[in-house]
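Chains as they are written, first to last, in the numbering used here: chain A, 1 to 357; chain B, 1001 to 1357; chain C, 2001 to 2357. Backbone N, C-alpha and C define an ideal beta-carbon position, used for all residues, glycine too. Input: a single structure, listed below in structure tokens.
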């Protein structure tokens, strides 16, 4: 009858378990303002109602990673309250825009488990899906996370590592009904570069840098109602020199915002193919990032094409010094100043859209 | 004719003085978002419009302590600008829900005064009430606060310590027209424990911990337009090792949010019976808390009962190590790591509500 | 074809260049809440919808400096990404109120250039104007900023320093259709002092003090989508002891909020006549400020007059110790603890408005 909730430990999970996370969350313009304040986001669709309308939306959609981090946060009390670290993402798909006033409800299925050889912890693989108030799926993702065991001696199920796609197949990328007006984005950003202008292999060093503070990463993480102890209690953050770990989703948001410069005409994220938080980020670190274009997909759409991008974020160095290992974002072998290796896919207007106007 | 405002000092107060505080304040969804970001609040009614509607509300009410802290902040420029410390609360009643767009106007009456023997300061007792734009009282409270004297030699009125109720009588607890749909809360939180499942004497150690930073406590305190110098100017915060004092209402909000785990199905706060900020909280402290159930009231309501709870918050220790002295929340004799002793009453659905569906 | 954006350096500017800044920005109640949390603003019109309605507005306008800082932020990626420091403002006029939901689009013309003798940097003079979604100008301003050269050897155009008005002429001050109901402001603030009660030469020492943290100045600066490197990357902030510079507009907002006490019945800012950030502000500094009344203009309006104010902000001293040099706000010769010298003009109700009721 004790009400001392301690969250799930590794030995509490079973493959096939389904969890409905508490509680649904409504996102508003207030959350967007705070998101902009915490990350510096300048996404075209998120920055002005007039931008959104000019590009064919009735309402200004919420920032993709605000949605991702909020939905992710919902899963934490059940999945990763006792996490050592979030290890990776796969098959993340942004299925539909989320608008202010929408409510997200999130469910998760455990799809894999693997105890570590130390027996102190294990890796939990989960598939989570966020639906809006119309029961429409807006986001789905797989992540795997290392979770402490409550009892090192506890027996655990046999290892089951689920097959994970190396990337979201082009055919599985979400399609949005963008119209010809998306070509007007260049007038809004003042930047001419569109889908046609990016080449596979091209590298972009983003000019900005962002120093992190304990206060703003913890405000962000609370905004997402993410309760993982390592972000709020230094004593729970092992391997962090006695300091609180910055939530990886905040690092993603910060770097996505820095990556505006060079990828200004991005419309939305379509997918995260793979991603890993390679080394811990702590308050006091200054983040920089660089991007390489790793794929370019026509989508059979007159107005919009997809770019696959690999963004690597580093701490306390120059963006130009970042080395891209050939291991792929999901399986990195990185130097210690690399904190994030993210493989994601965005939608960007085509020049043909401009011409067809 | 000088416009150098210095606020009221202890010798400026008289029993019976009435103050109408500047200025009314409208609360919005923006304030809620920031409140969630600053505190990590996960209250069911506040987290989603769909939650609120499922539980019988047309609109998602604002978080109880956001309302309390905002109304409290309004009183500071007149009452506690020159405070040494806020000492205690009594007879705090949450009379009606406050919704985004509502405007709070706050008035105060001085109900007691007692100079300290040092003659450097004295205790001011006040009763404050917040009304909404429909002139409906939504919150009323008594607090007492130690205020500096401008002039140690100044004569002060004879001591008058008002009689204060040890707790809000059950008959005086606000009643809200909750309907049978409140029983659906268990589906939202995923937690079965309802009013019937809590036993007087039961103790709950809340699993979370929250490190505090100067930035987020000062953002919170500014959000409440609370201008007490000790929170913003280390030079004004005596007895704080040259650092800014964390506003006690922020400590209450943080700990109320931590206490979600174990008391998930709380609907609203009905009252704060007594409370005191036992020791100062400073940036760098990590808060934890534990709760004991001290009362259980049927309210004669088919759907909802009241639980009286005593929450003690401590800094830089484990929740399990917190000792509950038998002195009562208003008159504590605590170890130095205890920062808050709060005696409050919440409404929670009954199982009978579930059965009656 | 490189997409490594590096922003404009001094040698990239030419007098007469026009820039349309990316992208328009919609401001909401969420931005206001965060602005209040970051600055402690208590402006009467901004604090409650009921206040605004009582004073003759249909909707609660946004805080003047929230609008200024947002519009200013839009110009940074094109003008001052590579700034050493923002040096001064002139002819800033608040032409029309901005309401939640309004979208600001900002354009700039380069009106002057002057290379420094070191040849490492130069001063860029710009006139910027923000328009709302109805193409109505809401704010116009001149500023000058020291910008790094990319290449010390690069040739630069001959110096052209534009003529700048010492102050906004009274005839050029924006006029707003305030009605007789503005006199009700004294009931809202509880302060009787109106336009008639301020005397030229009068000095007001504001009682508050505000300690700054890296986190809240960087949240504010990101909220304004201001990307100037010196605020986010200590390595880019030369002459700041290896720390991030606090954005000057945040200092202005903080001090404007402190100046509420003593100037409670201000309605809106009409103009900033001149202003300069005299010395850098860094996290850990505690700001105080004092104001002198330097002008009093009837405006030929029955209900409202204008006050010209000079506010000087200092760090880590008492407000009473601030010395006002007679050099004028635009050309200060200040001690090292002075951080801001701001010459601005506000509208305040007249007593005649009270009498005419």
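Let's test the definition: count the other Cβ atoms within 10 Å of the Cβ of residue i and tell me whether it reaches 16, buried, or not, exposed.
i: residue 1214(B); result: buried
i: residue 58(A); result: exposed
i: residue 2356(C); result: In this predicted model, residue 2356(C) has a pLDDT of only 48, less than 50, meaning its place in the structure is not dependable enough to derive any value.
i: residue 153(A); result: exposed
i: residue 1077(B); result: buried
i: residue 1343(B); result: buried
i: residue 361(A); result: Because chain A here runs from 1 to 357, residue 361(A) falls outside it and cannot be looked at.
i: residue 158(A); result: exposed
If you draw a straight line from the alpha carbon of residue i to that of residue j, how long is it in whole angstroms?
i: residue 322(A); j: residue 338(A); result: 8 Å
i: residue 261(A); j: residue 2004(C); result: 8 Å
i: residue 2182(C); j: residue 2349(C); result: 6 Å
i: residue 2144(C); j: residue 2102(C); result: 27 Å
i: residue 1345(B); j: residue 2250(C); result: 41 Å
i: residue 1200(B); j: residue 1259(B); result: 17 Å
i: residue 68(A); j: residue 139(A); result: 7 Å
i: residue 1351(B); j: residue 1175(B); result: 18 Å
i: residue 273(A); j: residue 263(A); result: 18 Å
i: residue 281(A); j: residue 245(A); result: 6 Å
i: residue 1221(B); j: residue 42(A); result: 28 Å
i: residue 2347(C); j: residue 1027(B); result: 26 Å
i: residue 2236(C); j: residue 1279(B); result: 41 Å
i: residue 286(A); j: residue 218(A); result: 16 Å
i: residue 1167(B); j: residue 1290(B); result: 20 Å
i: residue 2149(C); j: residue 2009(C); result: 5 Å
i: residue 1997(C); j: residue 2324(C); result: The structure shown does not extend to residue 1997(C), since chain C is modelled only from 2001 through 2357, so no value can be given for it.
i: residue 96(A); j: residue 1045(B); result: 26 Å
i: residue 2341(C); j: residue 2312(C); result: 5 Å
i: residue 1022(B); j: residue 1079(B); result: 12 Å
i: residue 172(A); j: residue 2025(C); result: 33 Å
i: residue 2162(C); j: residue 2132(C); result: 27 Å
i: residue 212(A); j: residue 300(A); result: 41 Å
i: residue 1292(B); j: residue 2130(C); result: 57 Å
i: residue 11(A); j: residue 1320(B); result: 23 Å
Can you name the residues that DSSP bridges to residue i?
i: residue 2343(C); result: 2274(C) and 2310(C)
i: residue 2103(C); result: 2026(C)
i: residue 2226(C); result: None; residue 2226(C) has no bridge partner.
i: residue 2289(C); result: 2313(C)
i: residue 1131(B); result: 1105(B) and 1137(B)
i: residue 1348(B); result: 1305(B)
i: residue 2089(C); result: 2143(C) and 2275(C)
i: residue 245(A); result: 282(A)
i: residue 2124(C); result: 2113(C) and 2145(C)
i: residue 295(A); result: 308(A)
i: residue 1160(B); result: 1113(B)
i: residue 1083(B); result: 1147(B)
i: residue 2268(C); result: 2347(C)
i: residue 94(A); result: 139(A)
i: residue 1338(B); result: 1314(B)
i: residue 2211(C); result: 2286(C)
For the alpha helix (DSSP H) that residue i lies in, which residues bound it at each end?
i: residue 2047(C); result: 2044-2047
i: residue 1185(B); result: 1185-1189
What first and last residue would you give for the beta strand (DSSP E) that runs through residue i?
i: residue 1254(B); result: Element bounds for residue 1254(B): not the beta strand (DSSP E) but the alpha helix (DSSP H), 1248-1258.
i: residue 1019(B); result: 1018-1020
i: residue 2078(C); result: Per DSSP, residue 2078(C) belongs to no beta strand (DSSP E); it is in the alpha helix (DSSP H), 2064-2079.
i: residue 2204(C); result: 2203-2205
Review point. Pairing CB atoms from the stretch 299-316 of chain A with CB atoms from the stretch 182-198 of chain A, are three or more of them under 8 Å?
Key: yes
Check your understanding: Do the stretch 107-123 of chain A and the stretch 7-20 of chain A make contact, defined as three or more Cβ pairs closer than 8 Å?
Key -> yes
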